[in-house]
Amino acid sequence: MAKYRKLSRTSDQRKALLRSQVTSLLYHGKIVTTEAKAKEVRKIAESMIAMAVRERDNFETVTVTAKVARKDAEGKRVKEVVDGKKKTVYDEVQKEIKKDSPSRLHARRQMLKVFYPVKEVPVKAAGRKKNTKDIDLVKKMFEEIAPKYANRNGGYTRIVKIGQRKGDGAMEVLLELV
Numbered sequence: 006m007a008k009y010r011k012l013s014r015t016s017d018q019r020k021a022l023l024r025s026q027v028t029s030l031l032y033h034g035k036i037v038t039t040e041a042k043a044k045e046v047r048k049i050a051e052s053m054i055a056m057a058v059r060e061r062d063n064f065e066t067v068t069v070t071a072k073v074a075r076k077d078a079e080g081k082r083v084k085e086v087v088d089g090k091k092k093t094v095y096d097e098v099q100k101e102i103k104k105d106s107p108s109r110l111h112a113r114r115q116m117l118k119v120f121y122p123v124k125e126v127p128v129k130a131a132g133r134k135k136n137t138k139d140i141d142l143v144k145k146m147f148e149e150i151a152p153k154y155a156n157r158n159g160g161y162t163r164i165v166k167i168g169q170r171k172g173d174g175a176m177e178v179l180l181e182l183v
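For the numbering used here, add 5 to where a residue sits in the sequence shown, where the first one is 1.
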């Protein structure tokens, strides 16, 4: 028996299809697809979720001093004249950041290899580039999805059979996060 289904596609087409379906599943929470594709997508999605669950608390919080440009009421940078030249005035600010451990950083990069970039378009501005938001799917994995499945040992997805598709009679299923 083969280790994976070829889905009647070349390797690059198959990888692109699976990446896009895994991205859609984790962004929307459920997708409708054929049974064979769903079984392949489930393997990848469950490994990504397991990785996020394993590394969810593997970071340390560090306080860092950063220089930030001082701004006036209009939001423009404040400039001073020093030795006949205009120079921007900077303030020092304390910030707390999350510093990933090496294993969590590796997990983050492994996820970035699989996920496609996701853009969220507001309903009012549909079809326009203005006001679109880039969604950080890896951050969503660590902050929303991983805590949800922290007490669960696998089985993060469910396949529900819907019925046969009208055109070609392929079995359609609903693949969703449990």
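Every residue gets a Cβ at the ideal spot worked out from N, C-alpha and C, and that includes glycine.
Alpha-carbon spacing of residue i relative to residue j, whole angstroms
| i | j | result |
| --- | --- | --- |
| R19 | K11 | 7 Å |
| V73 | V83 | 11 Å |
| F102 | Q115 | Rather than Phe, the amino acid found at residue 102 in this sequence is Ile. Spanning the two alpha carbons is a distance of roughly 22 Å. |
| G3 | G80 | Shown here, the chain extends from 6 to 183; a query on residue 3 therefore has no answer. |
| G3 | T38 | Not covered by the structure: residue 3. The range shown for the chain is 6 to 183. |
| E51 | K124 | 23 Å |
| E106 | D173 | Just to set this straight, residue 106 is Ser in the shown sequence, not Glu. C-alpha separation (whole angstroms): 49 Å. |
Per DSSP, the bridge partner or partners of residue i
| i | result |
| --- | --- |
| G65 | Before going on, a small fix: residue 65 reads as Glu here, not Gly. Answer is K104. |
| A74 | Y95 |
| R82 | K76 |
| Q169 | M176 |
| I36 | L180 |
| R163 | E181 |
| D17 | Bridge partners of D17: none, in fact. |
| E60 | None, per the DSSP bridge assignment. |
| E125 | K138 |
| V87 | K90 |
Nearest neighbour of residue i, chosen from the options [CA to CA]
| i | options | result |
| --- | --- | --- |
| H33 | G172, S25 and E85 | S25 |
| V58 | Q99, K144, K90 and T39 | K144 |
| A55 | K153, V178 and A175 | K153 |
| E60 | K104, R170, F147 and I164 | F147 |
| F64 | H111, F120, R163 and V119 | H111 |
Three-pair Cβ contact test at 8 Å for the segment 39-46 versus the segment 136-149: By the C-beta criterion, the segment 39-46 is judged not to be in contact with the segment 136-149, since fewer than 3 inter-stretch pairs fall below 8 Å.
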